[in-house]
Ligand SMILES: Cc1cc2nc3c(=O)[nH]c(=O)nc-3n(C[C@H](O)[C@H](O)[C@H](O)COP(=O)(O)O)c2cc1C
Ligand code: SF4
Ligand code: SF4
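What follows is the structure in structure tokens.
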């Protein structure tokens with residue numbers, strides 16, 4: 365079984381593609397009504413995005429509730445650049461036999477322009493090849509640590525990640541423009557239930573997990589974050605997937 369969390373679809377696609385290759389079942393942790401029975405699982409995997417060189421809190425809290433088993437365990441973090449010590453920190457929460465990072469299109473549009481079309485397609489093509497390789501290694505249950513940690517990994521995964529979780533997850537910079545038609549998609553799809561509609565317009569709770577699904581996937585592109593996102597492209601993997609791989 366593979367448990368995943370995903371904001372804009374990269375990690376969902378990775379988890380589901382891998383499940384197809386390995387015969388596993390992929391579960392979105394935000395849609396689980398009850399914990400699947402893990403007692404007889406031969407293999408347990410986790411897929412999630414890197415947030416500020418660390419594990420998203422929603423995934424960290426989820427794995428803390430899971431029983432430890434004798435199964436072969438693996439984790440894959442998807443990232444736009446480098447992962448720092450994310451997987452080592454995850455392993456402290458839930459021990460992993462194998463750890464990987466997988467380069468995917470960058471969805472962090474509040475910080476910088478997302479990847480261009482060519483780069484997005486190049487990353488997805490390379491990810492398909494890497495997923496084939498990972499699936500082969502999982503079938504053989506060889507222990508692997510293939511994580512692109514990048515420079516200053518320790519500093520980023522400790523100090524910067526601490527700062528992100530403490531100060532950067534405020535929603536106060538989100539706002540909507542007049543093009544919002546009140547469709548409610550952002551509120552329905554927020555994995556942290558941090559958006560509600562007031563008088564037909566979205567309002568944000570004080571904090572969220574900053575997955576950026578709302579701003580990237582609003583059909584009207586009506587959501588902005590401070591002054592940084594006006595005119596910037598939006599990103600969701602859904603726009604780049606063939607019909608039979610839609611998530
Ligand atoms: C809040 C936030 C922080 C991020 N931090 C990093 C980072 O530290 N390193 C990195 O390479 N990518 C970072 N990214 C990019 C995402 O990890 C990457 O695009 C990921 O594949 C998105 O997965 P998803 O589509 O499943 O949400 C960040 C994205 C967000 C939204
Ligand atoms: S998804 Fe976009 S258009 Fe729909 S309610 Fe939210 S902000 Fe408005
Ligand atoms: S408010 Fe937006 S960025 Fe925050 S968790 Fe919800 S969908 Fe993600």
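Numbering (this note's numbering), first residue to last: 365 to 611.
We treat Cβ as the ideally placed atom computed from N, Cα and C, and that holds for glycine.
Count the other C-beta atoms from every protein chain shown that fall within 10 angstroms of the C-beta of residue i, then say buried if there are 16 or more, exposed otherwise.
i	result
residue 432	exposed
residue 588	buried
residue 376	buried
residue 574	buried
residue 379	buried
residue 562	exposed
residue 497	exposed
Using only the alpha-carbon positions, how far apart do residue i and residue j sit?
i	j	result
residue 452	residue 384	27 Å
residue 367	residue 427	9 Å
residue 389	residue 423	18 Å
residue 605	residue 495	16 Å
residue 371	residue 391	14 Å
residue 408	residue 464	14 Å
residue 586	residue 541	5 Å
residue 547	residue 509	44 Å
residue 454	residue 511	12 Å
residue 613	residue 608	A question about residue 613 goes unanswered here, because the residues of the chain that appear run from 365 up to 611.
residue 597	residue 477	7 Å
residue 564	residue 488	37 Å
Any heavy atom of ligand 1 closer than 7 Å to the Cβ of residue i?
i	result
residue 417	yes
residue 574	yes
State the DSSP-derived secondary structure class of residue i, mapped to helix, strand or coil.
i	result
residue 417	coil
residue 623	Here the chain comprises residues numbered 365 to 611, so residue 623 is not present and cannot be evaluated.
residue 571	strand
residue 438	strand
residue 390	strand
For residue i, I'd like the list of residues in its chain whose CB is within less than 7 Å of its CB, leaving aside the five on either flank, ordered along the chain.
i	result
residue 507	461, 462
For a test of your reading of the model: does the CB of residue i fall under 7 Å from any non-hydrogen atom of ligand 3? Yes or no.
i	result
residue 548	no
residue 577	yes
Indicate, with yes or no, if ligand 2 has a heavy atom lying under 7 Å from the CB of residue i.
i	result
residue 587	yes
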